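In my numbering, the protein residues as written are 77 to 274.
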Amino acid sequence: EELDVEVGKLLEMVGIPRERMREFPHQFSGGMKQRVMIAIAIANRPELLIADEPTTALDVTIQAQVLEMIRNLKNEINSSMILITHDLGVVASICDIISIMYAGEIVESGTLEDVFDKNKRHHPYTEGLFGSIPNLKEKTDRLKPIEGLMPDPTNLPNGCKFHPRCPYVKDECKEGTINVAINGTHKIKCVLFRNEDV
């Protein structure tokens, strides 16, 4: 009975009526299944919540509801969160600190303002990500896709992992260790940058 009470509370925290506690997965919609997974994840009140693509395959309305719920729960249970996603819109709506990864390495990190500020310079991969997303506010004739293909994860290139696709590639990008330029909270791993450039 004590377990039922706790499960009921968890379900209600994620917006599912406790009366549905005994139902089977096939009786829930995609968004409700996602909510149940979140309830399971927060059951032990974790200090760190890791959400890997929490809105994949959900329609835009349900996606917004799930993100709002995650944001509220994070504050309610006083938990930090790592959000893993390819959706920059999701990042902009929920994240405080952002790390952009390419081929398993962080190439740029900073606050939301650092990474999303169009007046700042960015890692070439970050530039490519933003250039390949439609933006109705900007007048551009076409998107700028990132040239080339992702490297084989079992045979990554030396030096900067992005250099085979980078429009600014230099010889020094192809070998050795790439230093990280740091300016306050903004960090970029690229030979094109010194600390004052970030």
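Every residue, glycine too, gets a C-beta built ideally from N, C-alpha and C.
In this text, all values refer to a predicted model and were calculated from it rather than measured experimentally.
If distances are taken between C-alpha atoms only, which option among the options comes closest to residue i?
i    : options                : result
I153 : S105, I264, P122       : P122
H199 : G165, E144, V256, T230 : V256
P243 : T261, P229, P221       : P221
V142 : E184, L124, S156, G91  : G91
L149 : E251, D193, M89        : M89
L205 : M177, E129, T131       : M177
D128 : N120, E144, A119, Q110 : Q110
M157 : T132, E184, I114, E99  : I114
V166 : E184, F192, G207       : F192
A133 : G107, I209, V112, M145 : G107
T131 : E99, L164, A119        : L164
Return helix, strand or coil for residue i, following the three-state DSSP convention.
i    : result
L124 : strand
I258 : strand
I209 : coil
T187 : strand
I170 : helix
R235 : A quick correction: the sequence has Gly, not Arg, at residue 235. DSSP places G235 in coil when its eight states are reduced to three.
E77  : coil
E251 : coil
G204 : helix
F192 : helix
E82  : helix
G165 : helix
R241 : helix
E272 : helix
Using the C-alpha atoms, what's the distance from residue j back to residue i?
i    : j    : result
H102 : K215 : 45 Å
G224 : A179 : 14 Å
I254 : A117 : 37 Å
S105 : D135 : 11 Å
M97  : K85  : 10 Å
V267 : E78  : 58 Å
T137 : C249 : 43 Å
N151 : G260 : 26 Å
S169 : H162 : 13 Å
P233 : K194 : 29 Å
P93  : I160 : 28 Å
E251 : K265 : 14 Å
C236 : V81  : 53 Å
D172 : L219 : 27 Å
T202 : V83  : 42 Å
S175 : E95  : 40 Å
N271 : L125 : 32 Å
M226 : Q139 : 28 Å
E184 : E99  : 44 Å
K196 : P229 : 30 Å
L87  : I146 : 13 Å
Starting from residue i, follow its DSSP beta bridges and name the residues at the other end.
i    : result
L159 : A127
E181 : Y178
K246 : K246 pairs with nothing; no bridge assigned.
K263 : S185, I258
- prompt: Can you give, in chain order, each stretch of the alpha helix (DSSP H) that sits fully within the segment 86-156 and has at least 4 residues?
  reply: 106-118, 136-152
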